[in-house]
Structure formats: structure tokens, C-alpha cells
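Counting with numbering that gives the first Met the number 0, you get residues 0 to 361 for the letters of the sequence shown. Even for Gly, the Cβ is constructed at its ideal location relative to N, Cα and C. Here the structure is a predicted model, which means the values were calculated and not measured.
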Amino acid sequence: MAGLASRQLVTLPASSQASEPLRKANTSLSSPLVAFPKTSRTRVCSVRSGRPSVRAEASPSSQPAPVVVASASAAPAAEEEAQARRSSSRNRSNTTSTTTTSSDGTATFSAGEQLTSSKAVSLELTGGSLGFAGATTPLVPSSKAKAKGLQKRIVLIRHGLSSWNAEGRVQGRSDESGLTVTGEVQALRCREALRDSPFDCCYASPISRAKRSAEIIWQGRKEPLVFLDSLSEAHLHFLEGMLNSEAKRLYPDLFRAWREDPANFCVDGVYPVHQLWDQARDTWRELLESPGSQVLVVTHKSLLRALLCTALGMGPDKFRAMDVNNGGMCVVMVNSRGEPMVESLNVTAHLQSQAISYHFKS
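Encoded structure:
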């Protein structure tokens, strides 16, 4: 099992310096960059007492539409009511942010009023949900899980936006695609969102975009940061580095199989998605044998899909059954029988407001 044998332990000093772009972007955390898919939409995001709501309105033009936060009524009564609402909003220290999407798919937030306090959001299960049995197949033999007193929470995070994400290139296992400033801010938002949650260890992919994300997220913690080869992205061979549009034009059948029939996608005689399933099984064994009850993982979208699917007993044919955004979080709870349950999938509220933080009890 290559994933178990190939690991690198790193201890980050609390005084680790952030990169120059990150220092500039993180002056106050009030106006970060947040990546959305390429679109000609305008978003209006309001945060009230730490609870975000996002409204998306389609623009008829291919260019970003102007942002309209509110339209004032001509009626005096309506105007007075609007003024009262604005006054009340200021008194509650709300923040209204607007964002427009640029041609490269990166949305820029422009914060309004400064939030004076954060809102902790609990993602804990309630109602005795962990008493379930038989819903999923144990990731380790039940007898072994009980002997170890196994019960773990695994928090999975996808790395921040990379340069090839932004350019629409096939990344795979290539290490030529680094984090953008947007990606570093997304990682910083993950760190801030988890600042009150204890973890026993962090595991990460050694590929630079995930490695850098993990270093930002884990900065200031004393617990170990371990890099596992089994957390690496799928190896897509000669397709890596190509624009998606170029790969589709030059290798239409291969590209179609990758998008529509990933279980049978074969490149250079290798089935990358089946390899991902092997990596995921190796990773689960490593995670469940690690000490402690709460573990953080920073990796790539394809490997995240494999981890989630294997946890739920799904095969490679379900590879595209779920998706995870850059900086998105997923939470898997493993009960005392070694059976996994997905608590949360692709949580991204922390990317849209610094008022959001998550608390996981140890």
C-alpha cells in the first residue's frame, strides 16, 4: 500500500510567515476574493448575525451585470420604511457585500459595514444519530473498531483555487499548478472557520496546491502535519496541462469517457478512477489507525470523491455523484462499529463571510 508507506511528517512553527500575496490579501479579512464558476451573474450576499444568504440573478449579457443591492420606492412611506430598515441593520452590525464576476471566473467581494463579532455555527449531529448501525459497510472490521474504541470525526477540505483551476486546464497529478491569491485566501478562511475546533492531526496531499493550502490552514497548531502520497490527485498522464477545450478537441472519445463514463476511462493503459478507489481505501486505513478522535484532511476533488464514495459503499461508476468546491468542507463521522456516515457535504459558508466559524467538539 503506497499510501501507507509513503508519508512525510512536517511540524509548522507558530511563527510561519505567510506569503507576500497572502499578507496583502489578509489585511483585515473584510474583502477577500472568493471564486465562483465562470458565469455572467451578479450575486448579492447579505450577512445577518452571521447567517449568509445569497441571491443570484442572471444577466442577459455575456458581460458582468451591474450590481443592484436595492431599488428605492418613490412613495414616501416606502422610503421611510427603507430608511428604518437600514438604520436597524446598522444597529445590529450587519454586513452587506456585493460581488461581481470577472472574465477569469474570480468574484471579488466588496464588504460594506464591518462585522464586529463572529457567529459560531455548530455542525454537530443531534438526536442520537451516531447510534446507527448497518447503514454502511465498516471501513475496518467491526471487531477491530470495537477493540480500539474507534469513533472518529474526519473533516475533509479541498485545496484552494489553483492557477490551472482558474485557466480551465486539466490538472491531475501535475505539480505545475500553484495556489492563486484567491486560493490562499480561501485556505485562510478555512483556518479561521476552524480556529475553535481541536484536531489531533492533519493529513494532506504532497502536491503543492494542496500542500500550501494545508500549511496555511494548519499554521499555528502544534499537532503534526503529515503528507500522504495516497492523498494525491488522479494521474491523467498526457492530458495534464491541456486546456479542457483543447483536450476535448484533440481527444474527443477520451475526454467524453472522462466526463461521462469515468469508471471505464483508460489512458495509457491505466484506469485512473480505479486507482483513486485504491488510494481512498489506503487513506481510510491510515486515518482510522491514527491516534485521536478528530482528524483534518486537505486534498483534491477527485480523491475527495473517492473517499466519500468508498465511505458510502459506492463504486467508481458513481465518481461524479457529488462535487466539492475549492475550499469546501465535508465531514464524515465513523461510529464505534467502524461504520462511516456523512455529516456534511461541500460546506462553503465560511468562504462567503468571515463571520462564520464551525465548532467541532473533541
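Between the Cα of residue i and those of the options, spot the shortest distance and give me the residue it belongs to.
i      : options                        : result
Arg157 : Glu166, Val120, Asn334, Ile206 : Ile206
Leu224 : Tyr357, Ser196, Val296, Lys247 : Val296
Val169 : Ser212, Phe226, Glu214, Ala233 : Ala233
Val294 : Thr282, Val120, Leu235, Ser301 : Thr282
Leu230 : Leu238, Glu175, Ser162, Arg304 : Arg304
Tyr357 : Leu138, Leu149, Pro137, Val154 : Val154
Asn334 : Leu287, Leu306, Lys317         : Leu287
Ser301 : Thr309, Ala310, Phe318         : Phe318
Gly171 : Cys189, Gly240, Cys308         : Gly240
Met328 : Gln150, Thr347, Cys200, Met321 : Thr347
Gly259 : Ala186, Arg211, Val184, Ala320 : It should be pointed out that residue 259 corresponds to Glu in this sequence rather than to Gly. Ranking the options by Cα distance to Glu259, first place goes to Ala320.
Ser162 : His299, Gln150, Glu175         : Glu175
Ala186 : Leu350, Ala354, Ile355, Phe359 : Leu350
Leu235 : Leu160, Arg280, Asp267         : Asp267
Leu149 : Ala354, Ile355, Gly337         : Gly337
His299 : Met332, Lys151, Val180, Asn164 : Asn164
Leu160 : Phe264, Met332, Val323, Gln274 : Val323
Lys247 : Gly167, Glu214, Arg190, Glu191 : Gly167
Gln274 : Val331, Leu253, Asp316         : Asp316
Since residue i and residue j are thought to touch, with beta carbons under 8 Å apart, how far apart are those beta carbons, to the nearest angstrom?
i      : j      : result
Gly182 : Asn325 : 7 Å
Tyr202 : Leu227 : 5 Å
Ala262 : Val269 : Actually they are not in contact, since the Cβ atoms of Ala262 and Val269 sit about 13 Å apart, beyond 8 Å.
Pro339 : Leu138 : 6 Å
Thr309 : Trp276 : 6 Å
Ser352 : Asp199 : So it is not a contact: roughly 28 Å between Cβ atoms.
Leu306 : Ala279 : 5 Å
Ser204 : Phe359 : That pair is no contact at about 22 Å.
Ile355 : Val120 : 6 Å
Ile216 : Arg190 : 5 Å
Pull up the DSSP beta-bridge partners for residue i, would you.
i      : result
Gln185 : According to DSSP, Gln185 bridges with nothing at all.
Pro251 : Pro251 pairs with nothing; no bridge assigned.
Val297 : Ile156, Ala203
Val323 : In DSSP, Val323 forms no bridge with anything.
Met328 : Ile156, Val346
Val333 : Lys151, Pro339
Val269 : Val266
Classify residue i as helix, strand or coil using the three-state DSSP reduction.
i      : result
Gln170 : coil
Val154 : strand
Leu178 : strand
Asn263 : helix
Ser39  : For Ser39, the predicted model reports a pLDDT of 36, less than 50, meaning its position is unreliable and no value from the coordinates is stated.
Pro339 : strand
His358 : strand
Ser244 : helix
Ser231 : coil
Ser161 : strand
Would you mind sorting residue i into buried or exposed? The rule is 16 or more other CB atoms within 10 Å of its CB.
i      : result
Thr135 : buried
Ser244 : exposed
Gly219 : exposed
Ala209 : buried
Gly312 : exposed
Gly314 : exposed
Asp103 : In this predicted model, Asp103 has a pLDDT of only 41, less than 50, meaning its place in the structure is not dependable; the value taken from the coordinates is given anyway. Burial call: exposed.
Glu285 : buried
Glu342 : buried
Lys221 : exposed
Arg188 : buried
Leu249 : exposed
Leu193 : buried
Arg211 : buried
Arg152 : buried
Any heavy atom of the ligand FAD closer than 7 Å to the Cβ of residue i?
i      : result
Val180 : The ligand content of the structure shown is nil, which means the ligand FAD is not present either.
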